[in-house]
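K.L.:
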Amino acid sequence: ANEIEIRAEGNSRFTYGVTEDGCTSHTGAWGKTVIEYKTTKTSRLPIIDLAPMDVGAPDQEFGIKIGPVCFL
Numbered sequence: 001a002n003e004i005e006i007r008a009e010g011n012s013r014f015t016y017g018v019t020e021d022g023c024t025s026h027t028g029a030w031g032k033t034v035i036e037y038k039t040t041k042t043s044r045l046p047i048i049d050l051a052p053m054d055v056g057a058p059d060q061e062f063g064i065k066i067g068p069v070c071f072l
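Each residue of the sequence shown is one higher than the one before, counting from 1 in UniProt numbering.
(1) Tell me, to the nearest whole angstrom, how far the beta carbon of GLY17 is from that of GLU36; I am working on the premise that it is less than 8 Å.
(2) Are the CB atoms of LEU45 and ILE64 nearer to each other than 9 Å?
(3) Cα separation between SER12 and VAL34?
(4) Between which two residues does the beta strand (DSSP E) containing GLY17 stretch?
(5) If you compare alpha carbons, which of ALA29, PHE14 and GLU5 is closest to THR40?
Quick look at the structure:
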């Protein structure tokens, strides 16, 4: 397995983009963030593990829903 880390910032070959960020407004309602990772290296796919960081205060809930994946 190829154990690279993709992050929001850093080396552009290993970064993802945020196409929608509905989690920064803190409205009290559930928000949604959509990320996009583009690569021509199929060895970097699929993404098999997630390690969320800075997910909020101790009294906040956090969840992940994996949606459709598009291979172009």
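Note that beta-carbon positions come from the ideal geometry of N, C-alpha and C, so glycine has one too.
This one's a predicted model, so the numbers in the text were calculated from it and none came from an experiment.
P.N.:
Put simply:
(1) Taking the sequence shown and counting its residues from 1, the one referred to as residue 17 is at position 17. Taking the sequence shown and counting its residues from 1, the one referred to as residue 36 is at position 36. Contact flag correct, Cβ pair sits at about 5 Å.
(2) In the sequence shown, residue 45 corresponds to position 45, counting from 1. In the sequence shown, residue 64 corresponds to position 64, counting from 1. No, the pair does not count as a contact, with Cβ atoms beyond the cut-off.
(3) For the purposes of this step, residue 12 is taken as the residue at position 12 of the sequence shown. For the purposes of this step, residue 34 is taken as the residue at position 34 of the sequence shown. Roughly 18 Å between the two C-alpha positions.
(4) Along the sequence shown, read from residue 1 onward, the residue named residue 17 stands at position 17. Residues 17-21.
(5) Start at 1 with the first residue of the sequence shown, and residue 40 comes out as number 40. For the residues ALA29, PHE14 and GLU5, the minimum Cα distance to THR40 belongs to PHE14.
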